[in-house]
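Here the structure is laid out as structure tokens; the discussion comes afterwards.
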Amino acid sequence: MKYYIVEDLIQGLLNPGSLVPDVNYLRYNPKTKEVIDIRKLPQPYTFYIDEKGIKHIIQAEPSWQPLDCTWYDELVFDTTTNQWRVKTADEKLAELKEEKQKQLLQLEKSRLQKVLDKYGYNGLADVQLYASQNDSEAQNILNWYQKYDDLIWQYIDNDLATFTSVDELLAIDMKNIEEQIYQQSIEQNPLPSQG
């Protein structure tokens, strides 16, 4: 097989239309003239990190930073040291919490839109306008939404914030959490019945 190689990165085969399986994991070692699957290297391994954060097995440029890490480690560029480093568990946890929060807020937005559609409102501003004019249906919807939104933020601030493990957080089904919050909100502040 003939590979198209840039530095130690396998870019593809020279045969047009041929795909290289697992190309992201393949590196060329010019010393041994072998193509290596870097997932099979002893871990941790001293990789050479280029300016884009790509892991290489050779140091083709003097500016590439040697770093002992595993192939699967996520890297971040630390602007205080101008060096690449392995992302910490705390950083991964914070990112995942933010992702879960965004997911829950998106589910909240979707739920609100379903409720507004069900009652024929274009948006929350319509509900607020009608509620300010003493429309009881709009007031009930607004009361429900305020409770629902409060419960969403209570979960984010009190429950989501307490997770200390990425694995625990990955196991959380935000759709299920949102459904539980919705059910709790309509128990405490029922939506108006449609007649």
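Numbering (numbering that gives the first Met the number 0), first residue to last: 0 to 194.
Each residue gets a CB set at the ideal place from its N, CA and C atoms; glycine is no exception.
Alpha-carbon spacing of residue i relative to residue j, whole angstroms
| i | j | result |
| --- | --- | --- |
| V165 | N157 | 17 Å |
| V75 | K99 | 21 Å |
| Q112 | L40 | 51 Å |
| T69 | I37 | 9 Å |
| T161 | M173 | 15 Å |
| Y147 | L190 | 11 Å |
| Q238 | I151 | The question about residue 238 has no answer here: the residues shown for the chain are numbered 0 through 194. |
| D149 | E186 | 14 Å |
| G122 | E94 | 31 Å |
| E90 | D116 | 39 Å |
| Q132 | T79 | 56 Å |
| D125 | S184 | 21 Å |
| L159 | P61 | 44 Å |
| D134 | L103 | 30 Å |
| E50 | Y120 | 51 Å |
| S192 | Q182 | 15 Å |
| K101 | N175 | 15 Å |
| N81 | K30 | 30 Å |
Cβ separation of residue i and residue j, assumed to be a contact under 8 Å, to the nearest whole Å
| i | j | result |
| --- | --- | --- |
| E177 | E107 | 7 Å |
8 Å CB neighbourhood of residue i in its chain, flanking five on each side removed
| i | result |
| --- | --- |
| T163 | L92 |
| A130 | A137, Q138, I140, L141 |
| W83 | I48, G52, Q64, L66, L74, V75, F76, D77 |
| V114 | I140, W143, Y144, L190 |
| R110 | Y147, E177, Y181 |
Beta carbon of residue i nearer than 8 Å to that of residue j
| i | j | result |
| --- | --- | --- |
| I180 | Y154 | yes |
| E6 | A88 | no |
| K96 | L169 | no |
| N28 | I57 | yes |
6 Å CB neighbourhood of residue i in its chain, flanking five on each side removed
| i | result |
| --- | --- |
| D72 | V85 |
| R26 | D7, I35, I37, I56 |
| T45 | P65, D67 |
| Q42 | T69 |
Neighbourhood of residue i by C-beta, 7 Å cutoff - its chain only, sequence neighbours within 5 removed
| i | result |
| --- | --- |
| Q127 | L141 |
| Y118 | E136, I140 |
| N188 | N142, W143, K146 |
Those residues which DSSP pairs with residue i across a bridge
| i | result |
| --- | --- |
| F76 | W83 |
| T45 | D67 |
| N28 | E33 |
| K54 | I48 |
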